[in-house]
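Structure, as structure tokens:
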Amino acid sequence: MPVSIRFLGHAAFSITDGTHTVLVDPFITGNPQAEAAGITADSLEATHIALTHGHEDHVGDTVSIATRTGATVITGFELANLLGEKGLENLEPANPGGGVDLPFGRISLTFAYHSSSFEGRYTGMPAGLMIRIGDRTIYHCGDTGLFGDMKLLGEIHKPDVAIIPIGDRFTMGPADATRAAEMIGAPVAIPCHWNTWPLIEQDPANFAPAGVQVRILEVDGAIEA
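Residue 406 is where the sequence shown starts when you use our numbering, and the numbers rise one by one after that.
Below you can see the structure in the form of structure tokens.
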């Protein structure tokens with residue numbers, strides 16, 4: 406069953422099998438890439454929302470979208486608790502190493518090397534997301550530096566697509582992201598978390614893993630996996 410992966414700008418994606426739609430890190434309002442493409446939070450539908458960590462440029466419009474759509478939110482324990490305080494009820498907390506079985510498949514949380522806070526509060530460990538939907542697996546690395554167990558994650562989960570940050574400064578830059586893509590071993594890699602602001606300005610041509618097809622998506626562009 407084909408799965409569509411739509412880029413919403415920065416690190417936000419909509420992943421759907423036609424029945425279920427997972428929004429990942431739906432930072433839309435205040436996201437200059439999304440706004441330039443005419444994407445609004447109110448235009449997005451979701452059955453599920455998956456968050457890698459608590460920073461505002463990843464939590465984004467989660468509360469408003471989940472309230473409107475009734476989407477279930479999958480994220481780390483501390484961040485799930487905070488979102489519960491904001492009125493959300495359909496929450497599935499997890500932590501790296503674990504995961505949640507869902508109607509479309511499973512979302513497993515992986516390790517990511519970063520930080521995580523929201524509105525000045527600690528929100529637990531950051532994570533990557535291994536999203537099994539239909540018969541495809543998409544690995545959204547989250548905000549992270551390079552780490553050796555990316556190779557192990559690739560061997561265990563065998564992702565079809567890896568979504569990898571390349572912006573540098575707060576995550577991997579293109580050189581480390583290139584190595585990450587090679588270690589993960591997914592046949593397709595999509596760069597994210599770049600050129601949203603000057604601090605993470607990069608030339609994606611420098612993201613060039615050997616043996617991996619790089620798909621540089623325009624904002625609001627999509628591929629089928």
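Ideal Cβ positions, reconstructed from N, Cα and C, are used throughout, including at glycine. Because the structure is a prediction, the values reported are computed rather than measured.
Checklist entry - Does the Cβ-Cβ distance between Ala586 and Val617 come in under 8 Å? => result yes
Next on the checklist: On a Cα-Cα basis, can you pick out the residue from Gly590, Ile433, Asn486, Gly492 that is closest to Asp462?
Outcome noted: Ile433
Next on the checklist: Which residue wins for smallest C-alpha separation from Glu524, given the options Thr477, Lys491, Ser448?
Outcome noted: Lys491
Next on the checklist: I need the DSSP call for Val593, collapsed to helix, strand or coil.
Outcome noted: strand
Item to check | Identity of the residues DSSP links to Ala567 by a beta bridge | outcome: Tyr544, Ala594
Next on the checklist: Please report the distance separating the alpha-carbon of Gly539 from that of Thr426.
Outcome noted: 11 Å
Checklist entry - Is Ile470 near Ala442, with beta carbons less than 8 Å apart? => result No.
Checklist entry - Expressed to the nearest angstrom, what Euclidean distance is found between the alpha-carbon atoms of Leu493 and Ile420? => result 22 Å
Item to check | For Thr474, three-class secondary structure by DSSP | outcome: helix
Checklist entry - DSSP state of His463, grouped into three classes? => result helix
Checklist entry - Apart from the five residues on each side of it in sequence, which residues of its chain come closer than 6 Å, Cβ to Cβ, to Ile479? => result Ala455, Glu497, Val505, Ile512
Next on the checklist: As a quick exercise: from Pro508, Phe509, Phe516, pick the residue whose alpha carbon is nearest that of Ala499.
Outcome noted: Ranking Pro508, Phe509, Phe516 by Cα distance to Ala499 puts Phe516 first.
Checklist entry - Are Pro570 and Thr542 close, meaning C-beta to C-beta below 8 Å? => result no
Checklist entry - Considering only C-alpha positions, which residue in the set Thr424, Leu449, Pro407, Pro437 is nearest to Phe679? => result This structure cannot speak to residue 679, because the chain is shown only from 406 to 630.
Checklist entry - Can you give, in chain order, each stretch of the beta strand (DSSP E) that sits fully within the stretch 473 to 525 and has at least 3 residues? => result 477 to 481, 496 to 499, 504 to 507, 510 to 516
Item to check | Continuous beta strand (DSSP E) stretch holding Met535: start and end | outcome: Following the DSSP letters along the chain, one finds Met535 inside the beta strand (DSSP E) bounded by residues 532 to 538.
Item to check | Of the listed residues Gly590, Ala613, Ala567, Trp599, nearest to Tyr628 (C-alpha basis) | outcome: It should be pointed out that residue 628 corresponds to Ile in this sequence rather than to Tyr. It is Ala567 whose Cα lies nearest to the Cα of Ile628.
Item to check | For His453, the first and last residue of its enclosing beta strand (DSSP E) | outcome: Run containing His453: 453 to 455, per the beta strand (DSSP E) assignment.
Next on the checklist: Going by beta-carbon coordinates alone, are Gly533 and Gly547 separated by less than 8 Å?
Outcome noted: yes
Checklist entry - Roughly how many angstroms lie between the CA atoms of Gly435 and Asp554, to the nearest whole one? => result Straight-line spacing of the CA atoms in Gly435 and Asp554 works out to 34 Å.
Checklist entry - Per DSSP, which one or two residues make a beta bridge with Ala627? => result Arg411
Checklist entry - Skipping 5 residues on each side, what residues in its chain have a beta carbon closer than 7 Å to that of Thr474? => result Cβ neighbours of Thr474 within its own chain (closer than 7 Å, five residues either side excluded): Glu450, Ala451.
Checklist entry - Rounded to the nearest angstrom, how far is the Cβ of Pro564 from that of Ala591, given a contact under 8 Å? => result 4 Å
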